[in-house]
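When you read off a place in the sequence shown, starting at 1, and then add 13, the result is the number in our numbering.
All C-beta atoms in this analysis are idealised placements derived from N, C-alpha and C, irrespective of residue type, glycine included.
Following: one structure in structure tokens, then a few remarks.
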Amino acid sequence: MAHRKKVGEKYGRLTIIEKLPSVVKSGQTRSLFKCRCDCGKIVDVTGDTLGWSVNSCGCLQEESRKKIIPEGTRFGRLRVKGIDRLEKGRGYYYKCECDCGNFTVVRGDALRDGTTSSCGCYHDELFREHKPNYSEMFVEGTQIGKIKSNKVAQNSTSGVKGVTWHSRIGKWQTRIQFKGKMYHLGYFDNIDKAKKVRKQAEEELYGDFLKWYEEEHQKEKS
């Protein structure tokens, strides 16, 4: 029988101070608890994440982001050369040298979770390798049909492309991929905010590119 969490129990840095009414998330009913973090902040956490993916109010993750990655550390094709800058709420950005000789700046989280492992050359190599078969589908490393389509994966937790439920931190994660690179747009408590940010990114990244593509495509036909 599964252990029932109770007021007074502590999980990581979080101590349960009140059991709240259950909530529905991603189509499932989940228990909800009000917790006090060791840092003093009060947060609401679902029972399925408390003590597993969530062990603090977020201060633990913030401390992790502030931990400096040593110079020389390798992530895929990238080797860390040093700190480029520190952004509040986003952590350190690092200057990295790729095995191909190019330099690029990558956020620490993207290095640690494997989102970015090259300057973009790896994707370019794959594109060149498959170009004979996909020349009609890909332009500058971008799959035209995919970015024009609003179709989402069957296992989508949000119903929107690029927005997924991140169980480890208990928030909605928003990302967008363009020209072979994945851009992390942030974590959000509110799914509507996450969707709005994704939509804005689509307009900014895809808008002019698709307009240019259509114009060039029409020229080729004429």
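- For E110, which of V36, I204, K94, I82 has the nearest alpha-carbon? K94
- Query: To which residues of the same chain is I204 closer than 8 Å at the C-beta, ignoring the five residues directly before and after it?
  - Reply: S171, V176, W185
- Message: By the three-class DSSP mapping on this structure, what secondary structure does R92 have?
- Response: strand
- Kindly indicate which three-state DSSP category K80 falls into: helix, strand or coil? coil
- Under a Cβ-count criterion, where at least 16 other Cβ atoms within 10 Å of its own Cβ denotes burial, should S35 be classed as buried or exposed? exposed
- Task: Measure the C-alpha to C-alpha separation of C52 and Y200 and round it to an integer number of angstroms.
- Result: 21 Å
- Grab me the residues of I189's own chain with a C-beta within less than 8 Å of its C-beta, minus the 5 sequence neighbours each way, in chain order. G175, M195, Y196, L198, R211, A214, E215, L218
- Ends of the beta strand (DSSP E) at G104? 104–111
- Task: Using only alpha-carbon positions, find the residue among E138, G60, V67, F88 that is nearest to V37.
- Result: G60
- Should S66 and R181 be called a contact, given that it needs their Cβ atoms to be closer than 8 Å? yes
- Within the region 49–74, note down every full beta strand (DSSP E) run reaching 3 residues or more, in order along the chain. 55–59
- Query: Between which two residues does the beta strand (DSSP E) harbouring R120 extend?
  - Reply: 116–120
- With C-beta atoms as the reference, is G89 less than 8 Å away from S131? yes
- DSSP three-state call for D202: helix, strand or coil? coil
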